[in-house]
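Residue numbers (the numbering used here): 513 to 863. What follows is a single structure, written as structure tokens, with notes after it.
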């Protein structure tokens, strides 16, 4: 007779129980940015909607920001770190390829021995994390899951580069996903388009830099060569702005509509729309295409935070609920999209 093994008991529903964020103290204005690139405050605001962006100082690490957001989310959810069954960190700026930021964060907040792992899905990373947290909770693999989006983008930009550097800020946002008596997270719409893999990315790989340094060190005047190649080959972010803009406006509006359909609701049922804070013009165009009613509050965090990649949606959600606590319990559509090109979206019940 074949032995019958145990299997994890599943739960029917999940929801977001709490949200938190960490915003660094250094405020970079458009006038500051114009010291590095030939532009103006008027042009930047007109093209992007950004007035200021927050950036972390040299003494504030990505893990510091992730920890601040995580502790805030735990307090919001009213649970202890020991109750966390998994830690997921979405980031593309943790300075170590391994070990993960998530394992260090779990130890910092006292969530050990929870499983911990990072997601590299750029600006869609947080929505990818929510999709996985939803699955972990409903499958019975974890009771509560901490999902953090954290970025220190100021570490990977060249301030004189004009395709993306002036858009970017630093910060972290976090949510706690756990069991629910009612549906709290809709089926996720997520995917990728690798045919546009190069639309947003790094100027060089780490291997390019390594090989250049090794070649320079082996030459007679190695020091001079290293100094000459280091600035050119140090990997920094750049983008093909027009390709990304067109893709985000036209293709992501379709994915947002699909997320509403999968949730079984319409834009009329929403109390909030929380898109990735990439560009105010993209946000405005998506609002038009989705026919979002005026009564729906739209996150426009980008005006003061800039584009914070994986951190932008939970940071915007936290700010929105602090300013409009009456939205708690209502339905919000969240959608992230970015380098890869990747995207993810869900409708969630706001904590």
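Virtual Cβ for every residue (Gly too), placed ideally from N, Cα, C.
Check: Rounded Cβ spacing between residue 609 and residue 641 (contact assumed at less than 8 Å); Outcome: About 19 Å separates the two Cβ atoms, so there is no contact after all.
Check: Segment contact flag, the region 605 to 621 with the region 560 to 571, C-beta cutoff 8 Å, min 3 pairs; Outcome: no
Check: Residue 518, buried or exposed, once every other Cβ within 10 Å from all chains shown has been counted against 16; Outcome: exposed
Check: Beta carbon of residue 682 nearer than 8 Å to that of residue 536; Outcome: yes
Check: Neighbour-count burial assignment, residue 527, 16 or more Cβ in a 10 Å radius; Outcome: buried
Check: Residue burial classification, residue 516 (beta-carbon count within 10 angstroms, cutoff 16); Outcome: exposed
Check: DSSP three-state assignment for residue 714, whether helix, strand or coil; Outcome: strand
Check: Separation of residue 672 from residue 651, as counted between CA atoms; Outcome: 48 Å
Check: Cut-off 8 Å between Cβ atoms - residues of its own chain near residue 646, not counting five sequence neighbours on either side; Outcome: 526, 689, 697, 700, 858
Check: Where residue 836 sits in the DSSP three-state scheme; Outcome: coil
Check: Inter-residue spacing [alpha-carbon to alpha-carbon] between residue 600 and residue 549; Outcome: 36 Å
Check: First and last residue of the uninterrupted beta strand (DSSP E) at residue 803; Outcome: Note, residue 803: premise wrong, no beta strand (DSSP E); not H, not E.
Check: Strand pairing of residue 690, partner residues [DSSP]; Outcome: 527
Check: Close Cβ partners of residue 522 (< 7 Å) along its chain, the five nearest in sequence each way excluded; Outcome: 650, 651, 652
Check: Sufficient close CB pairs (3 or more, under 8 Å) joining the region 811 to 826 to the region 621 to 638; Outcome: yes
Check: For residue 676 and residue 753, the rounded distance between their alpha carbons; Outcome: 8 Å
Check: Contact check, residue 687 vs residue 787, beta carbons under 8 Å; Outcome: no
Check: Residue 834 burial status per 10 Å Cβ neighbour count (16 or more: buried); Outcome: exposed
Check: Range covered by the beta strand (DSSP E) that runs through residue 663; Outcome: 656 to 664
Check: Spatial distance of residue 573 from residue 680 (CA atoms); Outcome: 16 Å
Check: Residue 811 beta carbon less than 8 Å from that of residue 832; Outcome: yes
Check: CA nearest to the CA of residue 539, picked from 855, 778, 815; Outcome: 815
Check: Proximal residues to residue 747 (C-beta, below 8 Å), its chain only, five neighbours per side dropped; Outcome: 668, 714, 715, 716, 717, 718, 720, 721
Check: Opening and closing residue of the beta strand (DSSP E) in which residue 597 lies; Outcome: 596 to 602
Check: C-beta atoms of residue 582 and residue 613 nearer than 8 Å; Outcome: no
Check: Cβ-based neighbour list, residue 803, same chain, cut-off 8 Å, excluding 5 preceding and 5 following; Outcome: 779
Check: With 16 other Cβ atoms within 10 Å as the buried cut-off, status of residue 694; Outcome: exposed
Check: Which of helix, strand or coil DSSP assigns to residue 621; Outcome: helix
Check: Test item: CB-CB of residue 842 and residue 784 under 8 Å; Outcome: yes
Check: Span separating the alpha-carbon of residue 541 from that of residue 563; Outcome: 6 Å
Check: Buried or exposed (CB count within 10 angstroms, at least 16 for buried), residue 664; Outcome: buried
Check: Reduced DSSP category for residue 706 - H, G, I as helix; E, B as strand; rest coil; Outcome: helix
Check: Alpha-carbon to alpha-carbon, residue 751 and residue 559; Outcome: 15 Å
Check: Residue burial classification, residue 666 (beta-carbon count within 10 angstroms, cutoff 16); Outcome: buried
Check: Rounded straight-line distance, which links the Cα of residue 764 to that of residue 773; Outcome: 14 Å
Check: Bounding residues of the beta strand (DSSP E) (the contiguous stretch that carries residue 849); Outcome: 843 to 850
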